[in-house]
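**Student:** Can you read through this structure? Questions will come right after.
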Amino acid sequence: MTASLVLNGVPAAYIDVAHVAGRYGVDIDTLPYVIRILLENLERHRHFGRPVQDAEIGAVAQWQSNISAQISLHVERVILPDSSGLPVLQDLAALRDAVAAAGGDPAAVDARVPVDLIVDHSLQVDAWGEDGALRRNLDAEFGRNAERYRFLKWAQQAFGGLRVFPPGTGIIHQVNLEKLATVVTLREHAGRQWAYPDFVIGGDSHTPMINGLGVLGWGVGGIDAESALLGRAYTFPIPEVVGVELKGAFRGPATTTDAALLVTQCLRREGVTGCMVEFFGEAVPRLSVADRATLANMAPEYGATCGFFPVDEQTLRYLRMTGRDDAHIESVAAYCKANRLWRADPLSSSIRYARTVTIDLDRAEPCMSGPRRPQDRLPISELSGDFVQRLSRPPADGGFGVAPDALARPAGGAGLRHGSIVLAAITSCTNTSNPSVMLAAGLLARRARQRGLVPPQWVKRSLAPGSRTVTDYLRNTGLLDDLAAIGFAVVGYGCTTCGGKSGPLSPDVVRDLVEHEWVACAVLSGNRNFEGRIHKLVRANYIGSPPLVVAYALAGRIDIDFARDPIGHDSQGQPVWLHELWPDEAELGALMRAALSADGFRRVWDLEPEGAPQWSQLVAGTGRHWQWDPDSTYLVEPPFFQPPAPSAQQSGQRLRAARVLGLYGDSLTTDHISPSGEIPVEAPAGQYLLSRGVAQPDFNTYVARRCNFEVMTRATFGNIRIRNLLAPDTEGGYTRHFPSGEVMSIYDASRRYIAQGTATVVLAGKEYGTGSSRDWAAKGTALLGVRAVLAKSFERIHRANLVGMGVLPLQFEAGQGWQELGLNGSEEFDFHDVVDAVQQGRALRVTATRADARIEFVVQPQVLTRSERELLLQGGIPASVLADYLRN
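Counting in UniProt numbering, the sequence shown runs from 1 upward without gaps.
Set out below in structure tokens:
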């Protein structure tokens, strides 16, 4: 099944995927490209001596008949942001200690595949709108996180194959796109040079952004990433592959962002959760890699595992533009063409997908998505009316519940009213990677500056490029000065506002918001706008293109109809209209051709990251073991490798008389379950920090505290906007304890249930666990004592994370849910024959009992593969990994 070709002047072996497919009677031309890559991975690793079964390879070749069958993949590399990477490395350090304490070999606990960790999730926007903002924010970042960063420096010398990119480098996915991804990897194995597709999993849900370059990769939770980097097989169910035909073309004033939001809305409606999406069609050859990456980046928002664009001429063009080596680019083309991984004809009808969805990009128009979900797209012509209608609508119907007498209040002391925009951020991997929208934002800023327009003083503005190349081409075109002149100065290189690190608002704005309870808004060029994520005082959040972020910042309000209302007035008192400021396609195209060059990318990547000097000054320990500081409130030894709690195998028959800890509706996100931003002083986590002598200004964020399980357990189900229907008059992390009926914090109730020996469960609606690949949403759930989550449907990553932590995900039968069954959360739940149901993959019988009713129903365990069933019954990945090391 091997073949060879000469690459870089050296003979290289490769797995002939056409031959592999033919062995099972399958014509390679009928297979989606993602399936071809999976086939190659399995066959190669079997050739390398891994325990890959012939039946697995045959199942992938005949994938349409074997959807959900388990396969054993081996990833080529792992990529991590600091937000999930630090807990992963902390777990490895704790695992080493546990193995040593039990008499095992701690040196065996090491990274077995290359791991890149990019520090990009800790930057907060403290300073903005000034020349020194970048340096001030970077100084503050190192000041807050020095202990965490010293741990990273220790880990870099303690674990083989780990490479850390310090603060100020860029956002993980743009670094992957511009620098790390090879498309085709050339590596020696057993004395022979091999060529094979780059394949990556990442501890961030937006890892599919790399699919735009023709690299297969997707996001996983830190728990799965931890297992994979230890060299374990990454077990994965064969997916349904959905072909998405892209027709037409988006044209100005529509941007790539508008096209991406259109695709997100269409595919979320089509139901592609857990599927692999592969794009084809007449529009594809015209899409640059930057455009493709924007569409692929949104895969978590439309629910897919990936959004894949096979390798073609655009791939090579991007590799050249970003300064990759010419010989390597030639190798990419030669290998992909030889091994049937090159897409020559995007209109080919020979590929057989499970189903096909057609999206006409001509339908893309300027739009924003919000105020709470990225799939809720609205043309900007409808945005004002929708917001105004939502003001008085109750929260249960998607509104803000503003009382009639509060709708027409006069402006407050800071000039605010309902609909005022207090945050405007050009941020996130999704859009700051795309030169077309970044240059468009700069051109709009230039024209606004020429007309004398500036945003109102209450709008906090920030520009956080995805990499330093963005700053470079904006500076070279003079647009960086134009953006800075209207308040969009560079604040640093990181996720910032998109990840909940928007930083503080000015005191007068805070006073006005608190005093008048205004429904204030944020606009950002991000990919997430879930409740409570962006800022605790901002209730309506809208995502859109960078030029629209600039436009709305200039207007200062969300309830503007740009077709009827001027964006502002110039120094002569003349109205200024959005269409006057909007750049035309010809101007933008010419600027892009002049701005981007391979020399520019090489020049930037030859420079040290912004935070390199401070990084080099950090003094970190050495040696194999981390020295835990008992007084630390950042790095606390995790409990996952302590003597394990009873496994599901041992205690499965005792899941009786369980109580409901949380009762929730649809679309409960991982942000709801495990918030990432500011730690409120009144929250259990805030009270814990105060008790440890940490002053409120030094709380930092939940992301920064993820290596302290005491903080994160107290934060679970603690988003400030979460609504637990067991405590209907509350907002935030509250619940009702049974049988006492007392309303208390989720954390306090969980401690009481644990002390009583009472198991707990969570009831929810559809799309449970949407959002970030946040392992703490599962870790915290497990540490609260939750044994099972019952929902109408689960998002892929969070479902896997629950299994990885030994929490049983259970799905109601079609047409059923807790509401339809008449449950209210006060019941006691008995789960019958749990172990047998999990082992056999069959429905599980449940009895719910309360004073006035006994309700019986069945649920289906969402434990999809043999490996997952074994993991769950062992108590999750930590227990399983520790057992493996001690057994060996």
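C-beta: ideal position from N, C-alpha, C; glycine also.
1. If we ignore side chains and look at the alpha-carbon of each, how far apart do Y664 and V803 end up?
2. Please state if the CB of T496 and the CB of E178 are separated by a distance shorter than 8 Å.
3. For L668, tell me which candidate among I486, E767, A441 and M592 has the shortest Cα-Cα distance.
4. Excluding sequence positions up to five away, which residues of its chain have a Cβ less than 6 Å from the Cβ of D291?
5. Can you grab the Cα-Cα spacing for the pair Y335 / V78, in whole Å?
6. Can the beta-carbon of F199 be found less than 8 Å from the beta-carbon of V34?
7. Report the residue ranges of all beta strand (DSSP E) runs contained in full by the stretch 260–330; include only those spanning at least 3 residues, in chain order.
8. Alpha helix (DSSP H) containing A791: first to last residue?
9. Would you kindly check if the distance between the Cβ of D204 and the Cβ of G219 is under 8 Å?
10. Distance check for P697 and D748, CA to CA, integer angstroms please.
11. Have a look at I720, L31, R44 and V6 and flag the residue whose alpha-carbon is nearest the alpha-carbon of D16.
12. If you pair each beta-carbon of the stretch 221–240 with each one of the stretch 323–340, do three or more pairs fall below 8 Å?
13. Should the stretch 49–56 be called in touch with the stretch 65–74, which here means at least 3 C-beta pairs below 8 Å?
14. Exposed or buried, what is A107 when buried is set at 16 or more other beta-carbons lying within 10 Å of its beta-carbon?
15. Provide the residue span of the beta strand (DSSP E) that contains H672, from first to last.
16. Closest to L31 by C-alpha separation, out of V60, A12 and V6, would be which residue?
17. Do you know how far the Cα of N66 is from the Cα of L474?
18. In or out: Q653 buried (at least 16 other Cβ within 10 Å) or exposed?
19. According to DSSP, simplified to helix, strand and coil, what is F794?
20. One question on the structure: do R461 and A411 come within less than 8 Å of each other, judged by their Cβ atoms?
21. Residues in its own chain within less than 8 Å of M321 by CB, not counting five upstream and five downstream?
22. What number of angstroms, rounded off, separates the C-alpha of A102 from the C-alpha of A695?
23. Please classify A590 as buried or exposed, where buried requires at least 16 neighbouring CB atoms within 10 angstroms.
24. Quick one: what's T701 bridged to in DSSP?
25. Output needed for S651: all residues of its chain with C-beta closer than 7 Å, excluding positions within five of it in sequence on either side, in chain order.
26. Using 8 Å as the cut-off, can you tell me whether the stretch 113–132 makes contact with the stretch 574–593, which would need three or more C-beta pairs spanning the two stretches below that distance?
27. Would W628 be called buried (16 or more neighbouring beta carbons within 10 Å of its own) or exposed?
28. Counting Cβ pairs closer than 8 Å, one from the stretch 185–194 and one from the stretch 248–255, do we hit at least three?
29. Measuring alpha carbon to alpha carbon, tell me which of V660, P239, V284 and E580 ends up nearest S750.
30. Is it a yes or a no for the stretch 738–748 touching the stretch 762–779, going by three-plus beta-carbon pairs under 8 Å?
31. When DSSP labels each residue in this structure, what does T716 get in the three-state scheme?
32. Classify H74 as helix, strand or coil using the three-state DSSP reduction.
33. Express the C-alpha separation of G442 and L479 in angstroms, rounding to a whole number.
34. Between T356 and E240, what straight-line distance do the alpha-carbon atoms span, to the nearest angstrom?
35. To which residues of the same chain is G611 closer than 8 Å at the C-beta, ignoring the five residues directly before and after it?
36. With distances taken between CB atoms, is the gap from L347 to G274 smaller than 8 Å?
**Tutor:** This is what the structure gives:
1. In the sequence shown, the residue the question calls residue 664 occupies position 664. In the sequence shown, the residue the question calls residue 803 occupies position 803. Taking the straight line from one Cα to the other gives about 20 Å.
2. Counting from one through the sequence shown, the residue named residue 178 turns up at place 178. Counting from one through the sequence shown, the residue named residue 496 turns up at place 496. No, the Cβ-Cβ distance between E178 and T496 is not below 8 Å.
3. For the purposes of this step, residue 668 is taken as residue 668 along the sequence shown, with counting starting at 1. Among I486, E767, A441 and M592, the Cα nearest to that of L668 belongs to E767.
4. Position 291 of the sequence shown holds residue 291. For D291, where only same-chain residues beyond five positions count, the Cβ hits under 6 Å are T256.
5. Translated into the one-based positions of the sequence shown, residue 335 becomes position 335. Translated into the one-based positions of the sequence shown, residue 78 becomes position 78. Their Cα atoms are separated by approximately 23 Å.
6. For this step, residue 199 is matched to residue 199 along the sequence shown. For this step, residue 34 is matched to residue 34 along the sequence shown. No, the Cβ-Cβ distance between F199 and V34 is not below 8 Å.
7. 276–280 and 306–308
8. As a first step, residue 791 is located in the sequence shown; it is residue number 791 there, counting from the start. A791 -> not in any alpha helix (DSSP H); beta strand (DSSP E) instead, spanning V786 to A791.
9. As a position in the sequence shown, residue 219 is number 219, starting the count at 1. As a position in the sequence shown, residue 204 is number 204, starting the count at 1. Yes, these two residues count as a Cβ contact at 8 Å.
10. Residue 748 sits at position 748 when you count from the first residue of the sequence shown. Residue 697 sits at position 697 when you count from the first residue of the sequence shown. Approximately 25 Å between the Cα atoms of the pair.
11. As a first step, residue 16 must be located in the sequence shown, where it is residue number 16. Comparing Cα positions, the closest option is R44.
12. no
13. yes
14. As a working note, residue 107 is residue 107 in the sequence shown. Exposed: under 16 other Cβ atoms inside 10 Å.
15. Position 672 of the sequence shown, counting from 1, holds the residue named residue 672. Taken as a continuous stretch (DSSP letters only), H672 belongs to no beta strand (DSSP E), being part of the alpha helix (DSSP H) at T670 to I673.
16. Locating residue 31 in the sequence shown gives position 31, where the first residue counts as 1. Measuring from the Cα of L31, the nearest candidate turns out to be V60.
17. Residue numbering aside, residue 474 sits at position 474 when the sequence shown is read from its first letter. Residue numbering aside, residue 66 sits at position 66 when the sequence shown is read from its first letter. Cα-Cα distance, rounded: 49 Å.
18. Looking up residue 653 in the sequence shown gives position 653. Unreliable positioning characterises Q653 in this predicted model, as indicated by a pLDDT of 46, which lies under 50. A coordinate reading is not provided.
19. Your numbering for residue 794 matches position 794 in the sequence shown. F794 falls in the strand class under three-state DSSP.
20. Against the sequence shown, residue 461 aligns to sequence position 461. Against the sequence shown, residue 411 aligns to sequence position 411. Going by C-beta atoms, R461 is not nearer than 8 Å to A411.
21. Along the sequence shown, read from residue 1 onward, the residue named residue 321 stands at position 321. Excluding sequence neighbours, M321 sits near L596, S597, A598 and F601.
22. For the purposes of this step, residue 102 is taken as the residue at position 102 of the sequence shown. For the purposes of this step, residue 695 is taken as the residue at position 695 of the sequence shown. Whole-angstrom Cα-Cα distance: 38 Å.
23. Sequence index remark: in the sequence shown, residue 590 carries index 590 (1-based). Answer is exposed; the Cβ neighbour count stays below 16.
24. One-based indexing of the sequence shown puts residue 701 at position 701. T701 pairs with E678.
25. Here residue 651 is taken as the residue at index 651 of the sequence shown, counted from 1. Per-residue confidence for S651 stands at a pLDDT of 44, beneath the threshold of 50, marking its modelled position as unreliable; the derived number appears in the next sentence. Answer for S651: no residue qualifies.
26. no
27. Your numbering for residue 628 matches position 628 in the sequence shown. With fewer than 16 other Cβ atoms within 10 Å, it is exposed.
28. no
29. Here residue 750 is taken as the residue at index 750 of the sequence shown, counted from 1. It is V660.
30. no
31. Looking up residue 716 in the sequence shown gives position 716. DSSP places T716 in coil when its eight states are reduced to three.
32. The count along the sequence shown starts at 1 and reaches residue 74 at position 74. Coil at H74, not helix or strand.
33. The residue you call residue 479 lines up with position 479 of the sequence shown. The residue you call residue 442 lines up with position 442 of the sequence shown. Rounded to the nearest angstrom, the two C-alpha atoms are 5 Å apart.
34. Position 356 of the sequence shown, counted from the first residue, corresponds to residue 356. Position 240 of the sequence shown, counted from the first residue, corresponds to residue 240. Those two C-alpha atoms are separated by around 11 Å.
35. Within the sequence shown, numbered from 1, the residue matching residue 611 stands at position 611. So the list reads V119, L138, E141, F142, P166, P167, G168 and T169, once near-sequence residues are dropped.
36. Your numbering for residue 347 matches position 347 in the sequence shown. Your numbering for residue 274 matches position 274 in the sequence shown. No.
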